[in-house]
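Undergrad: Per the UniProt record's numbering, residue 1 is the first one in the sequence shown, and the count goes up by one each step.
The C-beta atom is built at its ideal place from N, Cα and C for all residues, glycine as well.
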Amino acid sequence: MKLYVVLIITCFVNGGYKSNFLFELTGKINDCSCDIDVVDEFNNAKIYPRISSLVLKDFFRFYKVNLRRECPFWKDSSHCGIRYCQVESCNEYTEAAQEFDCEETPHQDLGYLNTTISVSSLEDFALWQAYDDAQDLFCRLPDEDGDAQYVDLRLNPERYTGFKGKNAHRIWHVIYKENCFRPENIYEVYIRSSKLTGMCLEKRVFYRVISGLHASINIHLSAKYLLSDKNSNLLSQCGTGLWGPNIEELNRKFAPEFTNGEGPQWIRNLYFLYLLELRALVKASAYLEQEEYYTGNEKEDAETRKAINNFLMIAKEFQFHFNESVMFQETTLDGKSLKEEFRQHFRNISSIMDCVGCDKCFKVALIQLNVTADKPTNIDRALKYVQTAKENSAEIAILPECFNSPYGTKFFPKYAEKIPSGETCRCLSECAKKLSIYIVGGSIPEIESGRLYNTCTVWDPQGKLIAKHRKMHLFDIDIPGKITFKESDALSPGNDITTFETDKCKIGVGICYDVRFPELANIYRKLGCSLIVYPGAFNMTTGPLHWELLFRARACDNQLFVAGVSPARDLTADYHAWGHSIFVNPVAQVEAQAEHEETIIYGIVDLAKIAETRQNIPILKQRRTDVYDISHHHL
């Protein structure tokens, strides 16, 4: 099991910040027998330092959560309000930055998990079992439906994510109005503290627990606020952002003048919850002291057990614990039924939390690579950029067209490989597995049965080949005085459309010239794709004319995200690529674009943005297929 403690946030004091109402909070904590000052002193001197160290231990640092569970109560259309809201990947157990040598034997099978986290052994995590009695569960466990994953809480601190608007308010409204015990004839969402005195102790305790949790969350979000984007919700290129305490936000959440005088009481409820949980830990100490806290690291597990026992010893020394003995007098029918209501309400609230948005966003990396005549160098540089993408929390890395060879009909036979047994494929597979990331392998020359193809491979985080797209439309053009090129002199066309599924959405694949054909993109939309990726190498003639235009058009026509990934421009090469890798959103806005040099850019795919765009401008529903069909027959 995990150890849960709600900590009173001290960062404003320790950081030298001042917020008047926090320091004026004194006196008794309602329904308890101690003062706020006593709790502050005990927490700051004895509990907080121990907890701060304890939560860095692997047993508590890695937490199992189900990020795919659907909201069971309403359709969630929440957005990523800012670009940092997605759950960050975990790289802690990947090896340090290194060069991938594709000529050596395959990497050891280290049992890496999915994109959420990489660890050395899946079996170790499987042994972290919960020992709760299923009949007495007060919450819905993350792996009840078998779709839970481990995340690194150090990489995912509780902080402001931009999740807001009507869906955010709806969650707390449903919790307070439908899952809290309430006095009769009180219709406001938040019950004034003066109205709680008429409720029985058990119902009052429940409300104060929820209110304390709410206060804890709001304090965390104010303590770690995205200061660099305080006045902006716009998506742009990704970065780490500047995080820190936002005193204005804290005051807005709790100052009496902004909360009808209730803010200080909400913080008292946090103190109350602190005491309640401290008492729960002491009551469970006999069990907690026998836990192994197993992670597979014997030395750290021993340190964790020692730290837990020390923590529990200190907790037992506290003299003013919450007195739970007067609650749930099970000699009466009301006491037994009330306890069951508690359990049901807590389970409902844990399910409501599945309606919190922001897991609908994920980051993609567009790698604009400088391609040379040296194949091993090209592969090595590509893999290094994929590692950079992973380190910046991208879930999908996209390489450019012909990333392992110069672009040109005379080069295709020399650089061609079999798929998936060739050198490039082996390296991409190992890299995807090593880093636990999806890789869209741009394209490489493929040879099969004596024919050459321009082929994109897609690899999942386990290193498996999950899709292969052969360029369908060959680049045969003749612009007098500017460019003449005929791919069909060397290549054969592919005859299949290609999609692949990730844990977030379905993605369609095209290559370069394929982007000029709107029928293909429209098919991808009808198949349910949320993103289309086009590795492409437009030239210095067609690039300035049509590159951005075509990607914006495909995004606009189909109301989805589109990524175009080009090689970098090299004026010493036979073929001069336009560059300008581009990421376009469903309303045809360019959210990220490179220049012509080697670089990596990022885009955030916000699935809610697709839904909103299609609801606002429902072009798919408005198509006049009856007229189109008649017109076709008259041609």
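Whole angstroms is fine: what's the gap from Ser-492's alpha carbon to Asp-514's?
TA: In the sequence shown, counting from the first residue as 1, residue 492 sits at position 492. In the sequence shown, counting from the first residue as 1, residue 514 sits at position 514. Their Cα atoms are separated by approximately 14 Å.
Undergrad: How big is the Cα-Cα spacing for Cys-355 and Tyr-207?
TA: Within the sequence shown, residue 355 is the residue found at index 355, counting from 1. Within the sequence shown, residue 207 is the residue found at index 207, counting from 1. Between Cys-355 and Tyr-207, the C-alpha separation is close to 21 Å.
Undergrad: On the criterion of 16 or more Cβ atoms from any shown chain inside 10 Å, does Asn-616 qualify as buried, or is it exposed?
TA: As a first step, residue 616 must be located in the sequence shown, where it is residue number 616. Exposed: under 16 other Cβ atoms inside 10 Å.
Undergrad: Just how far apart, CA to CA, sit Glu-303 and Leu-312?
TA: On the sequence shown, residue 303 is found 303 positions in, with the first residue counted as 1. On the sequence shown, residue 312 is found 312 positions in, with the first residue counted as 1. Taking the straight line from one Cα to the other gives about 14 Å.
Undergrad: Relative to the C-alpha of Thr-499, which candidate in Ile-511, Asp-489, Ser-488, Val-205 has its C-alpha closest?
TA: The count along the sequence shown starts at 1 and reaches residue 499 at position 499. Selected option, being the one with the closest Cα: Ile-511.
Undergrad: Cβ of residue 646 within 8 Å of Cβ of Tyr-602?
TA: For residue 646 there is no data in the structure shown, the boundaries of the chain being 1 and 635.
Undergrad: Taking the alpha helix (DSSP H) that Glu-548 belongs to, which residues open and close that run?
TA: Taking the first residue of the sequence shown as 1, we reach residue 548 at position 548. It spans 542-558 - the alpha helix (DSSP H) in which Glu-548 sits, taken as one unbroken run.
Undergrad: Quick one: what's got a C-beta closer than 7 Å to Tyr-385's C-beta in the same chain, skipping five residues either side?
TA: As a first step, residue 385 must be located in the sequence shown, where it is residue number 385. So the list reads Ile-367, Leu-369, Ile-600, once near-sequence residues are dropped.
Undergrad: May I have the straight-line CA-CA distance separating Asn-558 from Pro-586, to the nearest angstrom?
TA: The residue labelled residue 558 in the question sits at position 558 within the sequence shown. The residue labelled residue 586 in the question sits at position 586 within the sequence shown. Their Cα atoms are separated by approximately 8 Å.
Undergrad: Sort out for me which residues DSSP pairs His-469 with in a bridge.
TA: Working through the sequence shown from its first residue, we reach residue 469 at position 469. BP columns for His-469 point to Cys-456.
Undergrad: Quick check: what's the CA-CA separation for Thr-542 versus His-596?
TA: On the sequence shown, position 542 is the one that residue 542 refers to. On the sequence shown, position 596 is the one that residue 596 refers to. When rounded, the distance between both Cα atoms is 15 Å.
Undergrad: Among Leu-54, Ile-352, Ala-373, which one has its Cα closest to the Cα of Leu-153?
TA: For the purposes of this step, residue 153 is identified with residue 153 of the sequence shown, where counting begins at 1. Of the candidates Leu-54, Ile-352, Ala-373, the one whose C-alpha sits nearest the C-alpha of Leu-153 is Leu-54.
Undergrad: Would you say Leu-435 and Lys-464 are within 8 Å of each other, going by their C-beta atoms?
TA: Position 435 of the sequence shown, counted from the start, is the residue given in the question as residue 435. Position 464 of the sequence shown, counted from the start, is the residue given in the question as residue 464. No; because the gap between Cβ atoms is not below 8 Å, this pair is not in contact.
Undergrad: When DSSP builds the beta bridges, which residues end up paired with Asn-539?
TA: For the purposes of this step, residue 539 is taken as residue 539 along the sequence shown, with counting starting at 1. Bridge partners of Asn-539: Ala-577.
Undergrad: In angstroms with no decimal places, state the Cα-to-Cα distance between Ala-588 and Ala-365.
TA: Stepping through the sequence shown from its first residue, residue 588 is reached at position 588. Stepping through the sequence shown from its first residue, residue 365 is reached at position 365. The straight-line gap from Cα to Cα measures roughly 19 Å.
Undergrad: What residues in its chain sit with their C-beta under 6 Å from that of Ile-396, if we drop five residues either side in the sequence?
TA: By one-based count along the sequence shown, residue 396 stands at place 396. Once the five neighbours on either side are set aside, the close Cβ partners of Ile-396 are Val-364, Tyr-438.
Undergrad: Three-state secondary structure (DSSP) at Gly-263?
TA: For the purposes of this step, residue 263 is identified with residue 263 of the sequence shown, where counting begins at 1. Helix.
Undergrad: Output the distance between the C-alpha atoms of Gly-27 and Gly-296, rounded to the nearest integer angstrom.
TA: Counting from 1 along the sequence shown, the entry for residue 27 is found at position 27. Counting from 1 along the sequence shown, the entry for residue 296 is found at position 296. If you take the alpha carbons of Gly-27 and Gly-296, they lie about 46 Å apart.
Undergrad: Compare the C-alpha of Glu-248 against each of Arg-268, Leu-270, Gln-265, Leu-221 and name the closest.
TA: Residue numbering aside, residue 248 sits at position 248 when the sequence shown is read from its first letter. Nearest option by C-alpha distance: Leu-221.
Undergrad: Is it buried or exposed for Tyr-287, if we count other Cβ within 10 angstroms and need 16 for buried?
TA: Your numbering for residue 287 matches position 287 in the sequence shown. Flag for Tyr-287 reads exposed.
Undergrad: Only counting the same chain, and skipping five residues up and downstream in sequence, which positions put a Cβ closer than 7 Å to that of Ile-36?
TA: Locating residue 36 in the sequence shown gives position 36, counting from the first residue. Excluding sequence neighbours, Ile-36 sits near Leu-25, Thr-26, Gly-27, Ile-29, Tyr-271.
Undergrad: Nearest-angstrom Cα distance between Asp-478 and Met-540?
TA: In the sequence shown, the residue the question calls residue 478 occupies position 478. In the sequence shown, the residue the question calls residue 540 occupies position 540. Rounded to whole angstroms, Asp-478 to Met-540 spans 14 Å at the Cα level.
Undergrad: Could you please give me the residues that DSSP links to Leu-366 through a beta bridge?
TA: By one-based count along the sequence shown, residue 366 stands at place 366. Looking at the DSSP assignment, Leu-366 forms a beta bridge with Ile-398, Ile-601.
Undergrad: Between Ile-619, Val-458, Glu-291, which lies nearest to Lys-433 when the distance is taken from Cα to Cα?
TA: Here residue 433 corresponds to residue number 433 of the sequence shown, with the count starting at 1. Checking every option, the nearest Cα to that of Lys-433 belongs to Val-458.
Undergrad: Taking all protein chains shown into account, decide if Leu-276 is buried (16 or more other Cβ within 10 angstroms of its Cβ) or exposed.
TA: Position 276 of the sequence shown, counted from the start, is the residue given in the question as residue 276. Classification of Leu-276: buried, given that the 10 Å Cβ count is 16 or more.
Undergrad: Answer yes if the region 515-531 comes into contact with the region 548-558, meaning at least three C-beta pairs across the two stretches below 8 Å, and no otherwise.
TA: Touching, per the Cβ criterion.
Undergrad: Cα-Cα, which of Gly-441, Pro-480, Thr-484, Lys-482 is closest to His-469?
TA: Looking up residue 469 in the sequence shown gives position 469. It is Gly-441.
Undergrad: Does the Cβ of Glu-41 have 16 or more other Cβ atoms within 10 Å, making it buried, or fewer, making it exposed?
TA: Here residue 41 is taken as the residue at index 41 of the sequence shown, counted from 1. Looking at its Cβ environment, which holds fewer than 16 other Cβ atoms inside 10 Å, Glu-41 is exposed.
Undergrad: Using beta-carbon positions only, say whether Gly-579 and Ala-568 come within less than 8 Å of one another.
TA: The residue given as residue 579 occupies position 579 in the sequence shown. The residue given as residue 568 occupies position 568 in the sequence shown. Yes.
Undergrad: Under 8 Å between the Cβ atoms of Ala-594 and Ala-537?
TA: As a position in the sequence shown, residue 594 is number 594, starting the count at 1. As a position in the sequence shown, residue 537 is number 537, starting the count at 1. It is not a contact, given that the beta carbons lie outside the stated cut-off.
Undergrad: Leaving out five residues before and five after Leu-234 in sequence, what residues of the same chain have Cβ atoms less than 7 Å from its Cβ?
TA: Residue 234 sits at position 234 when you count from the first residue of the sequence shown. With a pLDDT of only 37 at Leu-234, under 50, the local geometry of the prediction cannot be trusted, and no value is derived from it.
Undergrad: Return the residue from the list Gly-481, Ser-285, Ile-175 that minimises the CA-CA distance to Ser-351.
TA: Counting from one through the sequence shown, the residue named residue 351 turns up at place 351. The residue with the shortest Cα to Cα distance from Ser-351 is Ile-175.
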